[in-house]
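Numbering (our numbering), first residue to last: 179 to 439.
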């Protein structure tokens, strides 16, 4: 029952993320009316906007004009519907790896993980599609983390912020050295938020994982002719993927890399 609820909740949130990530780069307010068919501009009724189900019942077509609706939002809804139950099942491990969350009520940690996942998926999609990371999403997440740390009177607040700042400065140096071609300022700001969440030593594992993922996919794209050397590729998606990998497997990776017991 709980898994079914989380699946449905994830699908609903996924529908919101799909609309948000499509509208935000186009400077369209999320409050600016209901969604429309991209072909005939017909306003989509609520009954045709039920996450996952409506797409399947309509066979991926607009009820008004019959043309195919892009699969983008459907995949986002399915992805979020799967991520929420997975996040819930991994909560004990994730809660342990987010060291500052120890002592917080379980429901607060779960709510934070859901909000964090939603924000990071939105950042992943926007940066992948537009090579742009919205400041408000990054700093909203950072303020949430600082609020939780300050609210629990955690004495390590400034230590976690220092780690986030250190990672951010490292990427800023890369940005300056490569004249912005190797690293964008959005990545620098995202590093501040995610580095603060992870702290030391997991922030090191996260950076290592992100660069490895970026290098592997970059080489694969070059090999199949989809990219060229020195071509700028959005790094934010690799930062998000590496972050989730570190959040779940961080200490196992650390043990393998540095033989830390």
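No residue lacks a Cβ here, since even glycine has one placed at the ideal position from N, Cα and C.
Going along the chain, which residues of its own chain have a beta-carbon closer than 6 Å to the beta-carbon of residue i, five neighbours each way excluded?
i           : result
residue 193 : 229, 255
residue 163 : With the chain represented from 179 up to 439, any question about residue 163 goes unanswered, as that position is not in the structure.
residue 412 : 305, 306, 309
residue 284 : none
residue 381 : 341, 345, 373
residue 205 : none
residue 438 : Note that residue 438 scores 47 on pLDDT, short of 50, meaning its location in the model is unreliable; the coordinates nonetheless yield the value given after this. Cβ within range, chain order: 432.
residue 279 : 273, 287
residue 332 : 278
residue 216 : none
residue 239 : 246
residue 391 : 416, 419, 420
Residue i: buried (16+ other C-beta within 10 angstroms of its C-beta) or exposed?
i           : result
residue 231 : exposed
residue 367 : buried
residue 403 : exposed
residue 183 : exposed
residue 415 : buried
residue 361 : buried
residue 281 : exposed
residue 357 : exposed
residue 328 : exposed
residue 401 : exposed
Inspect the beta-carbon positions of residue i and residue j and report whether they are closer than 7 Å.
i           : j           : result
residue 268 : residue 426 : yes
residue 181 : residue 270 : no
residue 316 : residue 374 : no
residue 421 : residue 384 : yes
residue 369 : residue 349 : yes
residue 330 : residue 387 : no
residue 277 : residue 320 : no
residue 233 : residue 253 : no
Sorted by chain position, which residues of the same chain lie with C-beta nearer than 8 Å to residue i's C-beta, five sequence neighbours on each side aside?
i           : result
residue 318 : 297
residue 261 : 188, 295, 299
residue 203 : 304, 307, 308, 310
residue 365 : 311, 349, 353, 413, 414, 417
residue 236 : 226, 247
Tell me, please, which residues DSSP counts as bridged to residue i.
i           : result
residue 221 : 214
residue 246 : 239
Going by beta carbon distance, what residues of the same chain come within less than 7 Å of residue i, once the five residues before and after it are set aside?
i           : result
residue 257 : 192
residue 266 : 184, 288
residue 190 : 229
residue 430 : none
Inset, instruction - Check whether the segment 286 to 304 touches the segment 331 to 347, taking contact to mean three or more Cβ pairs, one atom from each stretch, closer than 8 Å. - result: no
Inset, instruction - Inspect the CB distances between the segment 217 to 224 and the segment 238 to 258 and report whether three or more fall short of 8 Å. - result: yes
Inset, instruction - State whether the segment 301 to 314 contacts the segment 182 to 202, with contact taken as three or more CB pairs (one from each stretch) at a distance under 8 Å. - result: yes
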